[in-house]
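Colleague: If you're matching positions, the sequence shown starts at 0 in numbering that gives the first Met the number 0 and goes up one per residue.
Where a beta carbon is used, it is the ideal one built from N, C-alpha and C, also for glycine.
Attaching a single structure in structure tokens format; questions to follow.
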Amino acid sequence: MKFMSARDAKNEFGLLLDTARAEPVTIEKHGRPVVVVLAVEEFGRLTAEKLPGAGATKMDSLPGRPDRAGKTEPMRLQPRRTWSDDEEPQRRTGAQRTR
């Protein structure tokens, strides 16, 4: 098993994916392990041991949502909220501050 810091995982995401396809990668934050990234085939093998009928070929056990054709599409993270021009919070300048 390989280990990677959260910063390195963010900055070298492609390397993380390539490595995780070969073997599990533990991601550490502040020196403590927080998550393990592993190949979907390995995940399927591990869940098949606990859930009968949920082997590596049964991808419908993974989180997702069906698309129009009935196939499962991977879940997408919601983007962070951004402010539009009309709702941007008021920012004070040094001259406008009152105490």
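#1: Can the beta-carbon of residue 26 be found less than 8 Å from the beta-carbon of residue 34?
#2: Please report the straight-line C-alpha distance between residue 3 and residue 45, rounded to a whole angstrom.
#3: How is residue 19 classed by DSSP in three states: helix, strand or coil?
#4: Is residue 5 buried or exposed, if buried means 16 or more other CB atoms sit within 10 Å of its CB?
#5: Starting from residue 48, trace the alpha helix (DSSP H) in both directions and tell me its first and last residue.
#6: Bridge partners of residue 33, per DSSP?
Modeller: On the basis of the data shown:
#1: Cβ distance < 8 Å, so residue 26 and residue 34 count as in contact.
#2: Their backbone Cα atoms lie some 22 Å apart in a straight line.
#3: Helix at residue 19.
#4: Exposed: under 16 other Cβ atoms inside 10 Å.
#5: The continuous alpha helix (DSSP H) containing residue 48 extends over residues 39-49.
#6: Its beta-bridge partners do not exist; DSSP assigns none.
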